[in-house]
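Participant: Quick note, the sequence shown lines up with residues 2 to 485 if you use this note's numbering.
Quick reminder that beta carbons are idealized off the backbone N, C-alpha and C, glycines included.
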Amino acid sequence: MPGSVVQVLAADGAVAGAGFLVGEGVVVTCAHVVRAAGREPGGRVELAFPHLPGAPRVWGEVPAEQWRAPEAEDIAFVELDSVPAGVGALALGSGAGSRGHRVSSFGFPTQAPPGGHFGYGTASDLLPDSTGTGALLQLSGANDLTTGFSGGPVVDEVTGLVIGMVTAITSPDTHLKGLDIAYCTPAEVLREVRPDLAEHQVCPYRGLEPFTAEHTQWFYGREAVVSSVLDALGGQERMLLLLGPSGAGKSSLIQAGVLPALADGDVPGSARWLPLITRPGQDLLTELEHAGLPGATSDGLLSAVQRRLAGEPEHDRLLLVIDQFEELLTQLAPTEHRVPDRRAAAADELLALIKSPADASVILIMRDDFYPQLAALAPGLLEAAAPALLNVPATLSVPELRAIITRPAQAVGLGIEDGLTERIIADVRATDPAHRAPVTLLPPLELALSQLWKDRDNGRLTHRAYEKIGKVTGSLANGYDKAI
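#1: G20 and V9 - do their beta-carbons sit closer together than 7 Å?
#2: Going by DSSP, name the residue or residues bridged to W274.
#3: Taking G222 as the reference, give the member of A233, Y206 and L234 with the closest Cα.
#4: For L294 and R368, what's the separation of their Cα atoms in angstroms?
#5: Do S151 and V163 have their beta-carbon atoms positioned less than 7 Å apart in this structure?
#6: Along the chain, where does the alpha helix (DSSP H) that runs through Y372 open and close?
#7: Between which two residues does the beta strand (DSSP E) holding S141 run?
#8: Just mark A15 as buried or exposed, buried being the case when its beta carbon has 16 or more other beta carbons within 10 Å.
#9: Decide if the stretch 212 to 230 is in contact with the stretch 54 to 66; the criterion is three or more beta carbon pairs, one per stretch, under 8 Å apart.
#10: Please say whether G165 and G96 have beta carbons closer to each other than 7 Å?
#11: Examine the Cβ distances between the stretch 384 to 394 and the stretch 234 to 250 and report whether three or more of them are shorter than 8 Å.
#12: How many Å lie between L275 and P261 at the Cα?
#13: Kindly indicate the opening and closing residues of the beta strand (DSSP E) around S105.
#14: Measuring only the C-alpha atoms, how far is D13 from L243?
#15: What three-state label does DSSP hand H201 in the structure shown?
#16: Give me the Cβ distance between L319 and A361, rounded to the nearest whole Å; I'm assuming they're in contact under 8 Å.
#17: If you scan the stretch 205 to 279 from start to end, which runs of the alpha helix (DSSP H) of 4 or more residues do you find wholly inside it?
#18: Bridge partners of Y467, per DSSP?
#19: Out of curiosity, what's the CA-to-CA distance linking G87 and R437?
#20: How would you write the range of the alpha helix (DSSP H) that P444 sits in, first residue to last?
#21: Could you tell me if E315 is buried or exposed, where buried requires 16 or more neighbouring beta carbons within 10 angstroms of its beta carbon?
#22: In chain order, what are the residue ranges of uninterrupted beta strand (DSSP E) at least 3 long that sit wholly in the stretch 26 to 61?
#23: Closest by CA to L421, which one among E384, R461 and V413?
#24: Can you tell me the Cα-Cα spacing of L128 and R100, whole angstroms?
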C-alpha cells in the first residue's frame with residue numbers, strides 16, 4: 002500500500018495531507034487537503050511518492066468538475082502528468098458489509114517519520130447522509146488516525162480492497178469521551194463522483210490473443226528472453242531467427258517486449274530505428290508493400306528499403322519483422338518449371354537485403370517444427386541467420402509464472418485471493434512429469450486468467466471462479482464451450 006500513497010505538497014514543500022492512486026494516472030484525496038496545500042479546483046498541485054525509489058515528485062491537474070468542496074463530500078481527484086515507474090493503483094471495494102473488519106491506512110502526521118506511518122482501526126457502519134455532505138463510514142478504535150491521515154486510503158484487511166478515504170477525526174467531549182472515532186468517505190461515494198472507478202473495465206490479460214505494443218504495461222515474465230533478443234540485435238548480426246513451438250508467445254515477445262524496448266533505446270541507437278511488421282500471407286513481397294515498402298515487388302526489397310529510409314531522415318535503420326514466417330513455407334511450389342517460385346524469390350530478396358550495406362535488420366519469427374522446410378527451401382537464408390538463431394526457452398520458471406499472473410493485476414489494482422497464485426503455478430507445473438512449466442501452456446494460462454477476471458468478485462480473482470472454469474487445464478474447453 003505505501004507505494005501507492007502520495008504526499009500532497011504545498012508550495013513550500015510542506016506535506017498538507019495524503020492521497021492515493023486509484024486508477025491509471027488518477028489520485029484521489031480530500032478537497033480540504035488540496036486547499037491546505039494552497040490549491041483550488043481547476044488548478045495544479047504537486048505530489049510526492051515517498052516510498053518509490055528516488056521519492057519522485059509529479060504534478061497533476063485538479064479537475065473542477067470532479068471537485069466536491071470540503072463542506073460537501075470533500076473529494077478532489079488529481080490527474081497526473083506522468084506516473085512513476087513501478088507504482089500500481091489501489092483497487093476499490095465497498096464500505097457496505099465491512100462492519101467489524103480490521104482496517105489499515107497510511108498517512109503523514111507530524112509525529113511520524115518523514116515517510117509517514119501506518120494507522121489502524123475497525124470498520125463500523127455507514128452513516129446516512131442527513132446534511133448533504135455525503136454518506137460517511139464510521140471507524141472505531143481509530144486512535145492512530147490523526148491529523149495527517151486525511152486523504153489516505155482505508156484498506157479492509159479481510160478483502161485487501163480500499164473501502165474508503167480518511168476524511169475526518171472527532172474531538173473528545175468535555176468528559177473526554179468519544180475518542181478513537183474517525184470518519185471516511187466510502188468507496189461508493191468516490192465512484193459516484195468518478196464513475197469510471199466503478200470497476201476495472203480493462204482486462205490486463207490477453208486470453209488467446211497476442212500482446213502488442215499497446216499492451217506493454219501488462220507484459221511480464223518474459224524479461225530474460227526479451228533481453229536475449231536485444232543482445233542479439235545489439236551485436237553485428239543483421240538477421241535474427243526466433244524459433245519456438247506454437248503457443249510459446251513468440252509474437253508477443255517481439256511486439257510487446259522487444260519493440261517497445263528498442264523504442265526506448267535499450268539497444269544503442271535503437272530509438273531511431275523504424276520497425277515494420279508483416280506476415281508472409283500469400284505473397285511476402287506484396288505484404289511488404291502493404292506494410293510500408295512500396296516497390297518491393299517491382300524494384301526489389303533492397304531498393305524499397307533504401308527509398309523508405311531516404312524519405313525518413315529521422316530514422317537511422319529499418320527493422321523488418323516478419324511474423325509467422327512458416328506461412329511462406331506452407332505455400333505450394335509451382336508445378337511448372339517455367340513459373341517462378343515466389344517463395345524462393347522472397348527468401349532471396351531477404352538474403353540480398355541483409356548482405357547489402359543498407360541500414361536494415363531482419364527478425365524472422367517461426368515455429369521450430371518448420372526448421373527442415375526452411376533448410377530445404379532457403380539454405381542460404383538459414384546460414385545467414387544461424388549466428389543469431391534463438392530458441393524460445395521450452396519452460397517457464399516459477400518467478401516468471403508468478404510475474405505473468407500477478408504483475409498485470411498489480412498494474413490495474415486487481416486483487417488476487419491468498420494462495421490462488423501459488424495454486425495456479427502448482428497446477429501449471431503438475432501438467433509435466435518433471436514438474437516444469439511448459440511454455441506451450443501460456444495460451445491456456447492467459448485464457449484462464451482472462452476468465453478469472455470476467456468472474457472477479459469485488460475486484461479480486463477468486464478460488465471459487467478458478468474452480469468454476471476448471472482450473473488452467475479446463476480453461477480452453479470452457480472458453481470453447483462459451484464460444485460455441
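Facilitator: This is what the structure gives:
#1: yes
#2: R318
#3: Y206
#4: 25 Å
#5: 7 Å or more divides the Cβ of V163 from the Cβ of S151.
#6: Y372 to L378
#7: L137 to S141 is the span of the beta strand (DSSP E), which, as asked, contains S141.
#8: exposed
#9: Segments in contact, no.
#10: yes
#11: The stretch 384 to 394 vs the stretch 234 to 250: in contact.
#12: 12 Å
#13: R103 to G108
#14: Distance from the CA atom of D13 to the CA atom of L243, rounded to whole angstroms, is 54 Å.
#15: Its pLDDT being 47, under 50, H201 is placed unreliably by the model, and nothing is read from it.
#16: About 5 Å; that satisfies the 8 Å criterion.
#17: 224 to 234 and 260 to 264
#18: Y467 pairs with nothing; no bridge assigned.
#19: 29 Å
#20: L443 to K455
#21: exposed
#22: 27 to 30 and 45 to 49
#23: Cα-wise, what sits closest to L421 is R461.
#24: 12 Å
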